[in-house]
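Asker: Could you have a look at this structure, given as structure tokens, before my questions?
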Amino acid sequence: MSTIFRKMADIYNYQVGFWQRQFLQELFRAVFSLRGRVNFTNLARFSFFHEQTFRRHFRKAFRWVWFNLTVFRLRRHPEEPIIGVFDCSFLPKSGTETWGLGRFFSSLAGKPQKGLEVSVLGIVATESRRAFGVDATQTPPDLSADQTDGYSRVDFYLEQITDLYDQLAGLGVSYWVGDGFYAKRKVFNTVTGLGGDLITRLRSDANLRYLYTGPPKDGPGRPKQYDGKIDWDDQEVLTRRFDEVGRLPDQPEVRVLTTVANSPHFGRDLRVVLLIGPGGEQVILASTDRSQHAEKVVRYYRLRYQIEFVIRDAKQHAGLTHCQARSQEKLDFHLNMSVAAVNMLRLLAQKADCSLRTYRREAYNRLLIRQLFSKLGLSAEYDRTDPRIQSVIHTGRMAV
């Protein structure tokens, strides 16, 4: 933690106060070792701080984006390409007074349910396949879920990208990847307007047109641009007019075809990649970078799922859904703390060569040793390298 705070000061000229540093170190120590729900009551039981201390500090602002980017910089290979990814997740929440409470779509239930929604923006290192959460923003409940001419939830999601675009572009992010929900005109226009490229999934009946590549017509008039609509049901024509570039490395039965086509709805030409399974099932991907290789489009889109794993781990290991507060400030602190905790937990577990679950178990064992030394009046500092201490810490270690 001390290294992260020093790097934040060097890179962003942001000094974290002494008491906030102490609080954050104790907070992460408690989150990693906690058994049960990550709320104020349990955090106090697994640390030396009082419950009111946690409630008070959760009201204070902290530069979580800079913190997460600093953690990423510490582990990133300098020449490794990275991409930006974004996704939303439903968080169940009861009560009536919590800020942001509304009806949001739950993919688990397959329908809107009462609760909260968080929009998570992250980055993925394409070679190591490591994902890092960068920012978690709670979705306001009073916005329309549909894409209309007015301000909607899509516009709110795009503001998150716009606010952080320059910082991530400085790290080398030029490609942004979202699932089929983000295949909207507003998203295409915003990302390309900022100078980036968007990779997403299109509908199975996407309205696309072949580009005309024949000889120019004789006589006056506008040159022919398009050569008919793409019929996704005619695989014989698709095979003839698309370029087959290979098969998926891990699924050799899936064919990969590609072409550059025009989308009347999005008002632009796209690099289109068609995946055809052995039973004829299709997946249509698109990139605004028309010169991008089809293999890279597929690989980047599949890396998008890494942000879902970050959200999953935040729910399982960092209490993303456990916030005990109701105010917007405390909710924002809790959501971003959970994402940051997963970033750190993954790196610490990788360094210790163990799973997240095992690292948390060992964190609990360290806490137990510390409490025993404290309560028994023994030295507060113990030899962490002592084999006897290490054997206690490794109690319950799971096989990888």
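All residue numbers for the sequence shown refer to full-length UniProt numbering, where the first residue is 1 and numbers rise by one.
All C-beta atoms in this analysis are idealised placements derived from N, C-alpha and C, irrespective of residue type, glycine included.
Have a look at I276 and I311 and give me their C-alpha separation to the nearest angstrom.
Answerer: Within the sequence shown, the letter at position 276 stands for residue 276. Within the sequence shown, the letter at position 311 stands for residue 311. One C-alpha to the other measures close to 29 Å.
Asker: Considering only C-alpha positions, which residue in the set W64, G279, K186 and I83 is nearest to Y301?
Answerer: Working through the sequence shown from its first residue, we reach residue 301 at position 301. Checked all of W64, G279, K186 and I83; the closest Cα to Y301 is I83.
Asker: Indicate the three-state DSSP secondary structure (helix, strand or coil) for F90 in the structure shown.
Answerer: Within the sequence shown, the letter at position 90 stands for residue 90. Three-state DSSP puts F90 in a strand.
Asker: For the region 118 to 138 and the region 69 to 80, state whether three or more C-beta atom pairs, one from each stretch, are separated by less than 8 Å.
Answerer: With a cut-off of 8 Å, the region 69 to 80 and the region 118 to 138 count as touching, because enough Cβ pairs lie within range.
Asker: Leaving out the 5 sequence neighbours to the left and right, which residues in its chain are closer than 6 Å to Q328 when beta-carbon positions are compared?
Answerer: Numbered from its first residue, the sequence shown carries residue 328 at position 328. Cβ neighbours of Q328 beyond the five flanking positions: W99.
Asker: Keeping to the same chain, check which residues put their C-beta closer than 8 Å to that of D227; ignore five residues upstream and five downstream.
Answerer: Position 227 of the sequence shown, counted from the start, is the residue given in the question as residue 227. Closer than 8 Å at the Cβ level, and outside the excluded window around D227, lie R209, Y210, L211, Y212, T213 and G214.
Asker: Flag this pair as yes or no: are the beta carbons of S33 and R388 separated by less than 8 Å?
Answerer: Position 33 of the sequence shown, counted from the start, is the residue given in the question as residue 33. Position 388 of the sequence shown, counted from the start, is the residue given in the question as residue 388. It is not a contact, given that the beta carbons lie outside the stated cut-off.
Asker: Here's the rule I'm using: 16 or more other beta-carbon atoms within 10 Å means buried, otherwise exposed. How should E362 be labelled?
Answerer: Within the sequence shown, numbered from 1, the residue matching residue 362 stands at position 362. E362 is buried by the Cβ-count criterion.
Asker: Might you give, ordered along the chain, the residues of its own chain that have their beta carbon closer than 7 Å to the beta carbon of R103, omitting 5 neighbours on each side?
Answerer: Counting from 1 along the sequence shown, the entry for residue 103 is found at position 103. So the list reads P112, Q113 and K114, once near-sequence residues are dropped.
Asker: DSSP has A125 in a bridge; who is on the other side?
Answerer: As a working mapping, residue 125 is identified with position 125 in the sequence shown. In the DSSP output, where bridge partners are listed per residue, A125 has I82 and R130.
Asker: Using the three-state DSSP reduction, which class does D10 fall into: helix, strand or coil?
Answerer: For the purposes of this step, residue 10 is identified with residue 10 of the sequence shown, where counting begins at 1. Here D10 sits in helix by DSSP.
Asker: I'd like the span of the alpha helix (DSSP H) that includes Q328, first residue to last.
Answerer: Locating residue 328 in the sequence shown gives position 328, where the first residue counts as 1. Q328 to K351 is the span of the alpha helix (DSSP H), which, as asked, contains Q328.
Asker: If you reduce the DSSP assignment to three classes, tell me which class Q167 lands in.
Answerer: Start at 1 with the first residue of the sequence shown, and residue 167 comes out as number 167. Q167 falls in the helix class under three-state DSSP.
Asker: Taking the beta strand (DSSP E) that E244 belongs to, which residues open and close that run?
Answerer: Position 244 of the sequence shown holds residue 244. Run containing E244: D243 to L248, per the beta strand (DSSP E) assignment.
Asker: Is it right to say W19 is buried, meaning 16 or more other beta carbons lie within 10 angstroms of its own, or is it exposed?
Answerer: As a first step, residue 19 must be located in the sequence shown, where it is residue number 19. Burial call: exposed.
Asker: Among V65, R299, S391 and T239, which has the Cα closest to the Cα of W251?
Answerer: As a position in the sequence shown, residue 251 is number 251, starting the count at 1. Looking at the sequence provided, one finds Gln at residue 251 rather than Trp. Of the listed residues, the one whose Cα sits closest to Q251 is R299.
Asker: Helix, strand or coil: how does DSSP classify K229 here?
Answerer: In the sequence shown, the residue the question calls residue 229 occupies position 229. In this structure, K229 counts as strand in the three-state DSSP scheme.
Asker: Roughly how many angstroms separate the alpha carbons of T321 and P92, rounded to a whole number?
Answerer: As a first step, residue 321 must be located in the sequence shown, where it is residue number 321. As a first step, residue 92 must be located in the sequence shown, where it is residue number 92. When rounded, the distance between both Cα atoms is 7 Å.
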